[in-house]
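Same order as they appear, the protein sequences are chains A and B. Quick note: the first sequence uses the numbering used here, first residue 47, plus one each step. Quick note: the second sequence uses the numbering used here, first residue 47, plus one each step. Each remark here refers to the structure printed beneath this line.
Number of protein chains: 2
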Amino acid sequence: MDAYRALEKRFTRLSAVNDAIGILDWDSQTMMPAGAAAGRAEQTATLRVIAHELLTDPHLGDQLGEAETTGGLEPWQAANLREMRRLYLHATAVPADLVDAASRTASACEMAWRSAKPASDFDGLRPLLQAVLDTQREIAAAKAAALGCGPYDALLDAYEPAGRSAEIAAVFDDLAIFLVDFLPRVLDYQASRPAVLPLSGPFDLEAQRQLGLLAMRAIGFDFQRGRLDVSLHPFCGGAEQDVRLTTRYEEDNFTRALMGVMHETGHALYEQGRPETWRGQPVGAARGMAMHESQSLIVEMQAGRGRAFLGFLAPVAAATFGGAGPAWTADNLARIFTQVRRSLIRVDADEVTYPAHVILRFRLEKAMIEGDLALADLPGAWNDGMAALLGVVPPDHRRGCLQDIHWPGGAWGYFPTYTLGAMIAAQLFDTAQGAEPDLVASLGRGDFSPLRRWLERHVHAQGSFYPTPALLTEATGRPLDVAVFKRHLERRYLDA
Amino acid sequence: MDAYRALEKRFTRLSAVNDAIGILDWDSQTMMPAGAAAGRAEQTATLRVIAHELLTDPHLGDQLGEAETTGGLEPWQAANLREMRRLYLHATAVPADLVDAASRTASACEMAWRSAKPASDFDGLRPLLQAVLDTQREIAAAKAAALGCGPYDALLDAYEPAGRSAEIAAVFDDLAIFLVDFLPRVLDYQASRPAVLPLSGPFDLEAQRQLGLLAMRAIGFDFQRGRLDVSLHPFCGGAEQDVRLTTRYEEDNFTRALMGVMHETGHALYEQGRPETWRGQPVGAARGMAMHESQSLIVEMQAGRGRAFLGFLAPVAAATFGGAGPAWTADNLARIFTQVRRSLIRVDADEVTYPAHVILRFRLEKAMIEGDLALADLPGAWNDGMAALLGVVPPDHRRGCLQDIHWPGGAWGYFPTYTLGAMIAAQLFDTAQGAEPDLVASLGRGDFSPLRRWLERHVHAQGSFYPTPALLTEATGRPLDVAVFKRHLERRYLDA
């Protein structure tokens, strides 16, 4: 037990350093004066090096080996040890100079992307993007050897532990076939329905903030352990027990900020609901990015854009902004919140087309990491994929393969978690509805507590005790079932 | 040179960790939700342990020894090495378990003090305060051995490097004799002058904030590298290149917050003016707390409450709050800002009585550290000292020896820096006026730039290159001269 106890102590320290980084990152996007950027970069880089040193210390490897052979652990301790080993493997699999090279190439490429994107200059960015891809492929090879999996799965594992791209590909292929048929049917159906009445602003920014705070309270955000602020790019960050989420307000549209706040609040509930007794320990952390995204989407998409909650929201929103008339009814709000379009841009995409964007990126990044697609062929492959999946072709790279920060920024293997999260959200919501008969009626009163309680018990408080598939099976009685997501889409978008 | 270069690298890392702590501390007093306090304490404690480990690493001792014997350093590098040695001595002089005990007794005592103070319960607090005193005496003995000085000086050294209490005692005795005679003369003189006309509020808080920002801009605060926020206890903190200062607004009085902002802005200018090329290095840091306090007092007391600047401020303040009439003239503002009273409370004291409060505390804490005054005898000694120095006796301990956080919180040896700072401020301002003929006239236009430029060159950009006495002599041509401070008081408070 000594070795295990020493490991817990070490990871408590690591968690404190990572929490400090989380608050500093939040600060740099919300509060920090511009001239402090260089100093802040130095601070967070130093803390990241310290965290990396804590995690690659040879003593840690010895202690892991000793704790693993000694045994005698309770189930949660054993799961904690398993997660420690995983983190250690990821940290030690990649040589320090490759970690450094990856960080530098990604920084340089992301910086260049900020101007290459508006200029649609794929050829200009290509050398830097190739350098990022090359280092990612090296990292993938190193991690694949350590983890005993394929190179793409080795990258995926950092975001979705033990995720397997072969299984994801099968599910995504199934979903892609469904969507190609489904999308035109939805568009036809929506064209046959009453037109969407626009909500006209301007919408006072302070009123928008108040409405967001009201939604957060309704959802159950604990303001004793978190805050809402403003940043250019909304996110949910901060530290354990101190969850900081952000949004961005626009005067001519309040729905984007409102749904954004609800989305981030879903992430925040997960963080706030992590198991108390495992604070600072790997097993107490949230279970991967797919499950995390499921928590934001269950709040935003499953509950937030559902007819019941919009029945509560419509009069509140009307009172907040002094709106009146048919545009402010729950019916019209529902039409606004479920409008489907053949879109070019992922982040602006609706619930129906978003998975197609993700499936395309998953296929392309997997092919590039595995050497089956050259970077020079990316634009063509992108446009072919868009035509096949969404029936539109980007007129330029800005609205095509240059639109996302992920690849220039070095986040390869992340994309599939968005749509895995959407499917998991549908499945969890479906089960929760059955288990909590009052759930939907409560949403109609702006009360998320039955949903929240169910999620707390079955997801949040489970931390990283189970791998994702087992967690989903424990919660819903079965593994990932794409049929539930399809049924959700059919009900919502075809009134079927 | 290799050893010296390695030391610079090590101290750059230490500085980044300390800067991170600075931002986290700022956050905990301005932004942090209440429920995050325990986690934050864990984060900052962890980073402080990491900083302490960096500073007590045996390799550091070896590198210091090697760099010191090798020589061949430029003067600023040599001064940097001298400061590194000083920090290393302080960090290694005290055994780890004593550091830990001091931190724990001070935390416990400070916590108990928060309720003992309002209850005037000296006897109740005494056991915990005794424990703090005991650990401070142990630390003093350990540091005295390492630094080769007396025990009180060893504590003082942490705040005022190389400060010597024998010299301070001589200056303070001189000043005390002056003040005992001076105070009744000032009170008589002020009684013979036109009565102070009160400014009546309420004063809009946002207007107060705008006035504070205006003053900060006038003084020359760089908002690209700092911010102004609100906290319960105002302070100037943050990081190098990211100076965060705070204030607290009261609806019925705008002058306290305004003068507080100007005071903290004086501290901030010092931080923002540190030498660029020595960023992250000990020699680039501000030169001790006495010099730091001089920078806040030169802005608040010497310039801010001077007749010239008040001539600028009066119409601006009147316009800000819609004030009019004789209460809003510069003459009346000057009377408000220089009102003298026999006060019981240090933090509310005026420029004339403040030094008496400090001299009392200096004498008492020195006697307690050196074993010449038992804690049980503190209340009596306090009241005797108040009667002798200020002619008033506290009716209870709340307004007596329990009023300050310093002793319960473990900051022994800090008090004298307040009045050393006041004297240095007077001397610097006197010299600056002579060197910059336009300085006072500029303050009358709300323009601090001649003063700021002079301070930047002669104080801020000097970092810790010189010890304090040498820095003062370089700047003003002579060592600390209490006569300059006395003359300042006579001019301002007796129109002499």
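A virtual CB, placed ideally from N, CA and C, is assigned to each residue, including glycine.
Cα-Cα separation, LEU435 of chain A to LEU221 of chain A: As a working note, residue 435 of chain A is residue 389 in the first sequence. As a working note, residue 221 of chain A is residue 175 in the first sequence. Roughly 11 Å between the two C-alpha positions.
message: Pull the bridge partners of VAL289 of chain B from the DSSP assignment, please.
response: For this step, residue 289 of chain B is matched to residue 243 along the second sequence. Beta-bridge pairing links VAL289 of chain B to B:GLY272 and B:GLY284.
- request: Flag this pair as yes or no: are the beta carbons of LEU133 of chain A and PRO328 of chain A separated by less than 7 Å?
  value: Position 87 of the first sequence, counting from 1, holds the residue named residue 133 of chain A. Position 282 of the first sequence, counting from 1, holds the residue named residue 328 of chain A. Yes, the Cβ-Cβ distance between LEU133 of chain A and PRO328 of chain A is below 7 Å.
- request: Closer than 7 Å by beta-carbon distance: list the chain B residues that pair up with GLU286 of chain A, in chain order.
  value: In the first sequence, the residue the question calls residue 286 of chain A occupies position 240. Residues of chain B passing the Cβ test: GLY85.
Integer-rounded CB distance, given that ILE67 of chain A should sit under 8 Å from ARG86 of chain A: One-based indexing of the first sequence puts residue 86 of chain A at position 40. One-based indexing of the first sequence puts residue 67 of chain A at position 21. Going by Cβ atoms, the distance from ARG86 of chain A to ILE67 of chain A rounds to 11 Å, so no, they are not a contact pair.
field: Min CB distance GLU317 of chain B to chain A below 7 Å
entry: Taking the first residue of the second sequence as 1, we reach residue 317 of chain B at position 271. Not one chain A Cβ lies under 7 Å of GLU317 of chain B.
- prompt: Under three-state DSSP, which class holds GLU206 of chain A?
  reply: Indexing the first sequence from 1 puts residue 206 of chain A at position 160. The answer is coil: DSSP assigns GLU206 of chain A none of H, G, I, E or B.
field: Proximity below 7 Å, CB of LEU356 of chain A to CB of ALA380 of chain A
entry: Reading the first sequence from its first residue, position 310 is the one you call residue 356 of chain A. Reading the first sequence from its first residue, position 334 is the one you call residue 380 of chain A. Result yes, Cβ atoms of LEU356 of chain A and ALA380 of chain A sit closer than 7 Å.
- prompt: Where does PRO496 of chain B land, buried or exposed, given buried means 16+ other C-beta within 10 angstroms?
  reply: The residue labelled residue 496 of chain B in the question sits at position 450 within the second sequence. With 16 or more Cβ atoms within 10 Å of its Cβ, PRO496 of chain B is classed as buried.
- request: Compare the C-beta of GLN75 of chain B against all C-beta atoms of chain A and say whether one is closer than 7 Å.
  value: On the second sequence, position 29 is the one that residue 75 of chain B refers to. So, not an interface residue.
- prompt: Using a beta-carbon distance cut-off of less than 8 Å, what residues from the region 260–286 of chain A approach chain B?
  reply: ASP268, PHE269, GLN270, ARG271, GLY272, ARG273, ALA285 and GLU286
query: Quick one, which of B:TRP428, B:GLU129, B:VAL398 and B:ARG388 has its alpha-carbon nearest GLU536 of chain B's?
result: Counting from 1 along the second sequence, the entry for residue 536 of chain B is found at position 490. With distances taken between Cα atoms, GLU536 of chain B lies closest to B:VAL398.
message: Taking 7 Å as the limit between beta carbons, can you name the residues of its chain near LEU421 of chain B, skipping five residues before and five after?
response: The residue labelled residue 421 of chain B in the question sits at position 375 within the second sequence. These residues qualify, in order along the chain: ARG172, LEU175, GLN176, LEU179 and MET414.
message: Please give the ranges of any alpha helix (DSSP H) in the region 294–325 of chain B, keeping only runs that are unbroken, at least 4 residues long and fully inside the region.
response: 301–318
task: With VAL217 of chain B as the anchor, note down where its alpha helix (DSSP H) starts and where it stops.
output: Here residue 217 of chain B is taken as the residue at index 171 of the second sequence, counted from 1. Segment 211–237, the alpha helix (DSSP H) holding VAL217 of chain B.
message: Output needed in chain order: residues of the region 48–63 of chain A with a Cβ under 7 Å from some Cβ in chain B.
response: ARG59, ALA62 and VAL63
query: Buried or exposed: MET308 of chain B, going by 16 or more other Cβ atoms within 10 Å of its Cβ?
result: Taking the second sequence and counting its residues from 1, the one referred to as residue 308 of chain B is at position 262. That one is buried.
- prompt: If you draw a straight line from the C-alpha of THR58 of chain A to the C-alpha of ALA253 of chain A, how long is it?
  reply: Looking up residue 58 of chain A in the first sequence gives position 12. Looking up residue 253 of chain A in the first sequence gives position 207. Roughly 41 Å separates the two Cα atoms.
field: Nonlocal neighbours in the same chain, by C-beta distance under 6 Å from ALA212 of chain A, ignoring five residues either side
entry: In the first sequence, the residue the question calls residue 212 of chain A occupies position 166. Answer for ALA212 of chain A: no residue qualifies.
query: Between ALA82 of chain A and chain B, is there a C-beta pair that is closer than 7 Å?
result: The residue given as residue 82 of chain A occupies position 36 in the first sequence. Yes - at least one Cβ of chain B is within 7 Å of the one on ALA82 of chain A.
message: Contact criterion: CB-CB distance below 7 Å. Does ALA66 of chain A meet it with respect to chain B?
response: By one-based count along the first sequence, residue 66 of chain A stands at place 20. With 7 Å as the cut-off, ALA66 of chain A counts as an interface residue toward chain B.
field: Collapsed DSSP secondary structure at MET157 of chain A in the structure displayed
entry: Along the first sequence, read from residue 1 onward, the residue named residue 157 of chain A stands at position 111. Correct three-state label for MET157 of chain A: helix.
task: Would you list, in chain order, the members of the region 88–103 of chain A that have their beta-carbon closer than 9 Å to a beta-carbon of chain B?
output: GLU88, GLN89, THR90, ALA91, THR92, LEU93, VAL95 and ILE96
query: Hey, quick one: how far does the alpha helix (DSSP H) through LYS412 of chain B stretch, first residue to last?
result: Within the second sequence, numbered from 1, the residue matching residue 412 of chain B stands at position 366. Counting along the chain, the alpha helix (DSSP H) containing LYS412 of chain B begins and ends at 400–415.
task: State the CB to CB distance for the pair ALA336 of chain B and THR514 of chain B, rounded to an integer number of angstroms; the pair is presumed to be in contact (CB under 8 Å).
output: Position 290 of the second sequence, counting from 1, holds the residue named residue 336 of chain B. Position 468 of the second sequence, counting from 1, holds the residue named residue 514 of chain B. Confirmed, Cβ separation roughly 6 Å.
field: Whole-angstrom distance between GLU206 of chain A and THR99 of chain B, CA atom to CA atom
entry: Start at 1 with the first residue of the second sequence, and residue 99 of chain B comes out as number 53. Start at 1 with the first residue of the first sequence, and residue 206 of chain A comes out as number 160. Thr is not the amino acid found at residue 99 of chain B; the sequence shown has Glu there. If you take the alpha carbons of GLU99 of chain B and GLU206 of chain A, they lie about 35 Å apart.
query: In three-state DSSP terms, what is ALA241 of chain B?
result: Position 195 of the second sequence, counted from the first residue, corresponds to residue 241 of chain B. It is coil, neither helix nor strand.
query: From what residue to what residue does the alpha helix (DSSP H) around ARG51 of chain A run?
result: Here residue 51 of chain A refers to the residue found at position 5 of the first sequence. Its alpha helix (DSSP H) spans residues 48–76.
query: Around the Cβ of ASP73 of chain B, are there at least 16 other Cβ atoms within 10 angstroms (buried) or fewer (exposed)?
result: What you label residue 73 of chain B is simply residue 27 of the second sequence in a count that begins at 1. Flag for ASP73 of chain B reads buried.
query: Taking 7 Å as the CB-CB limit, is PRO79 of chain B close to chain A?
result: As a first step, residue 79 of chain B must be located in the second sequence, where it is residue number 33. Yes, its Cβ sits closer than 7 Å to a Cβ of chain A.
- prompt: How big is the Cα-Cα spacing for VAL232 of chain B and ALA91 of chain A?
  reply: For the purposes of this step, residue 232 of chain B is identified with residue 186 of the second sequence, where counting begins at 1. For the purposes of this step, residue 91 of chain A is identified with residue 45 of the first sequence, where counting begins at 1. Roughly 56 Å between the two C-alpha positions.
query: Is it a yes or a no for the region 294–303 of chain A touching the region 260–271 of chain A, going by three-plus beta-carbon pairs under 8 Å?
result: no
- prompt: Does the distance from the CB of SER510 of chain A to the CB of ALA314 of chain A come in under 7 Å?
  reply: Within the first sequence, the letter at position 464 stands for residue 510 of chain A. Within the first sequence, the letter at position 268 stands for residue 314 of chain A. Taking 7 Å as the Cβ cut-off, SER510 of chain A and ALA314 of chain A do not qualify as a contacting pair.
message: At the level of alpha carbons, what is the spacing between ALA158 of chain A and PHE168 of chain A?
response: Here residue 158 of chain A refers to the residue found at position 112 when the first sequence is read from its first residue. Here residue 168 of chain A refers to the residue found at position 122 when the first sequence is read from its first residue. Roughly 11 Å between the two C-alpha positions.
message: Suppose contacts are defined by Cβ-Cβ distances below 7 Å. Is GLN109 of chain A in contact with ALA49 of chain A by that definition?
response: Locating residue 109 of chain A in the first sequence gives position 63, counting from the first residue. Locating residue 49 of chain A in the first sequence gives position 3, counting from the first residue. Closer than 7 Å, so yes.
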